[in-house]
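Going down the list, the sequences are from chains H and D. Position 210, counted from 1, in the first sequence is what our numbering calls 209; the numbers after and before it change by one each time, with no gaps. Position 54, counted from 1, in the second sequence is what our numbering calls 56; the numbers after and before it change by one each time, with no gaps. Report on one structure; see the data block that follows.
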Amino acid sequence: MRHAVILSAVLFASPLLGQGEPLPPVTPRAPQQQPSSQQPSQQPVLVALAVEPIREEPAFSLEDAARANDYVTFHALFEQAPNAAYAPLHELWTHSINDPIGAFYGEEMYERFSSRYPEFAAYIDEHKIVDDRGNVFYPTSETRQFLLARAIEGRTIAPSEPIRVAKAARRSGFSLTPPSASKAVPAPPPPRRVRFKKAEAAPLPAPAVGLKPNLRPAPVPVPVSAPLSMPVQPRPVMAATMVPEKPDFAARGILLVLIGLVGIGFLALMLRAPGETAHTDDESAASDLGKAPQ
Amino acid sequence: MKKIVLGLVLLLTTAAFGQNRATTPELTPPDNGEEWLRLSSTEKLFWAIGYSQGYREALDKIDVTSGPTSPCASLAVRTERQTSTSGKLSGFELVSSLERFYAEPANTVIPIGSAIRISLLQASGKDQTTIQELIDTARVLGQQAAARPRQ
């Protein structure tokens, strides 16, 4: 009975307590300013919003187009900005699109590519197709892959004759230091500290990533049958050459082997059976006490 | 120690099974341009020759299986023989025409059978509007086929 009275009291009290926080008063909006009659009537401005956000298309390069097998884009890009490195690829691809059997080509084009790229013959040899009459055909698709790789490397045309490079042996009457300095100091200074005069070679491009400048004097390639129009005194030409930095494989290998050994040791420790551990512990304890293990 | 030995045995067994699976030969004929472009040129050529021969064999047998005066035989004579590559294109030409057709990335979803028919119509000088309509339809069909799970 008593509980019922308390419950009914609570039920009656709850609506009264709920009125503690009345709703916020609603005030009417201020009337909007009407355009004055003196001002010219303005047309409502319509703003057309795009349904989807407008994104800029990523720049498509010749390489991207070639990789995507998109001839139309590749051709358009090449026509816009011809790139000598991609010229053989463009030539071949255009031929393959326009020729009725453009998926394959014959000896003439093969000779051209193999004379340009020495490694081409070995590459394409396994893809060639010989027909019933003994004619050899070479696939355009695989050749395109080859040419794309060469274009990415930046190679255009390999010389038909290898460039002869003179050996870097010191000449008898030549010293890296200026004549006055060579008189004062008999031993030649280390090559890194030598300051050369301005090289007469062509200006070098900016060093690429992973290349370090080698300041040692490099001989300039001498064409084999270059006719000399005037007598030229033998004169050393010094030019800085770029030598790719070789990764130290030996040190890295030793480090990996060490890490591997440590890892195997840890693994062996972790995977030791508990029985073995107890046994070893017993043995060590027994040896400490001078007793045989039980 | 036992665990290490057990692990090594397990590893070697798995490797042996994996090798057995890897040596099982598997060649899948291409369904669309994406798969076509993955083939080597030799594979493309052999596939094209086989396709032409198989198509011709099938057409020649329609009248045998369905009867010489059946609707199937007349349909084969009317339409299918027109789209047969046999006797019209060599293997080299078929490969080249497919390479041209799939040189547009939007076409790579088109099934290879449709691509061959469209290529043949293009080669026969069909008007460009009809060809484009066929290509658009084939793209839609190809996208629908690509969306379906493969069996």
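Glycine included, each C-beta is placed from N, C-alpha and C at the ideal position.
In this structure, Ile128(H) is the residue among Ile128(H), Ile96(H), Asn97(H), Pro99(H) with its C-alpha nearest to the C-alpha of Tyr109(H).
Here DSSP, grouped into helix, strand and coil, assigns Tyr116(H) to coil. The Cβ atoms of Leu47(D) and Val97(D) lie closer than 7 Å to each other.
A distance of 7 Å or more separates the beta carbons of Ile64(D) and Ala50(D).
Distance from the Cα of Gly56(D) is smallest, within the candidate group Leu39(D), Tyr104(D), Gly93(D), for Gly93(D).
About 20 Å separates the beta carbon of Pro107(D) from that of Ala150(H), a gap too long to meet the 8 Å contact definition.
Its Cα nearest to that of Glu135(D), the residue Ser116(D) stands out among Leu100(D), Leu29(D), Ser116(D), Tyr104(D). DSSP places Val7(D) within a helical segment (H, G or I) once states are collapsed to three. When the beta-carbon positions are compared, Glu101(D) and Ala102(H) come within less than 7 Å of each other. Of all residues in the region 108-123 of chain D, none has a C-beta nearer than 7 Å to a C-beta of chain H.
Chain order gives no chain D residues near His89(H), where near means a beta carbon separation below 8 Å; the closest approach is about 13 Å. Rounded to the nearest whole angstrom, the C-alpha separation of Thr30(D) and Ala249(H) is 44 Å.
Per the coordinates, the alpha-carbon of Ala147(D) lies some 43 Å from the alpha-carbon of Ser113(H).
Non-local beta-carbon contacts of Tyr70(H) in its own chain, meaning distances under 7 Å to residues more than five positions away in sequence, involve Trp92, Ile96 in chain order.
Ranking Gln124(D), Ile112(D), Lys5(D), Ala149(D) by CA distance to the CA of Arg141(D) puts Ile112(D) first. When the alpha-carbon of Glu106(H) is set against those of Ile263(H), Pro99(H), Glu118(H), Asp124(H), the nearest one is in Asp124(H).
Membership of Val97(D) in the alpha helix (DSSP H) is indicated by the continuous run 93-103. Ser140(H) belongs to the set of residues whose beta carbon lies under 7 Å from a beta carbon in chain D.
Tyr137(H) has Tyr104(H) as its beta-bridge partners, per DSSP.
With fewer than 16 other Cβ atoms from the protein chains shown falling within 10 Å of its own Cβ, Ser42(D) counts as exposed. In this structure, DSSP gives Ile128(H) an extended state, which the three-state scheme calls strand. Of Gly35(D), Ile133(D), Glu95(D), the smallest CA-CA separation from Tyr104(D) is found for Gly35(D). By the CB criterion at 7 Å, His89(H) and Phe77(H) fall inside the cutoff. When the beta-carbon positions are compared, Pro27(D) and Ile114(D) stay at least 7 Å from each other. Rounded to whole angstroms, the Cβ separation of Tyr104(H) and Thr72(H) is 23 Å, and the two are not in contact under 8 Å. Identification of residues in the region 61-89 of chain H having a C-beta nearer than 7 Å to some C-beta of chain D yields Ala67, Asn68, Asp69, Tyr70, Val71, given in sequence order. For Val66(D), the enclosing alpha helix (DSSP H) covers residues 43-68. Residue state for Asn97(H) is assigned as helix, using DSSP reduced to three classes. DSSP places Ile118(D) in the uninterrupted alpha helix (DSSP H) bounded by 114-125. In this structure, the alpha-carbon of Tyr137(H) lies about 14 Å from that of Asp98(H). Neighbours of Ser126(D) in chain H, taken as residues at a C-beta separation under 7 Å, are lacking, since the least C-beta distance is about 14 Å. Look at Asn34(D) here: in three-state DSSP terms it is strand.
Ala83(H) and Ile137(D) have their C-alpha atoms spaced approximately 35 Å apart.
Residue contact check for Leu270(H) against chain D: a CB pair falls below 7 Å.
Under a criterion of Cβ atoms nearer than 7 Å, no residue of chain H is adjacent to Leu10(D); the nearest Cβ is some 12 Å distant.
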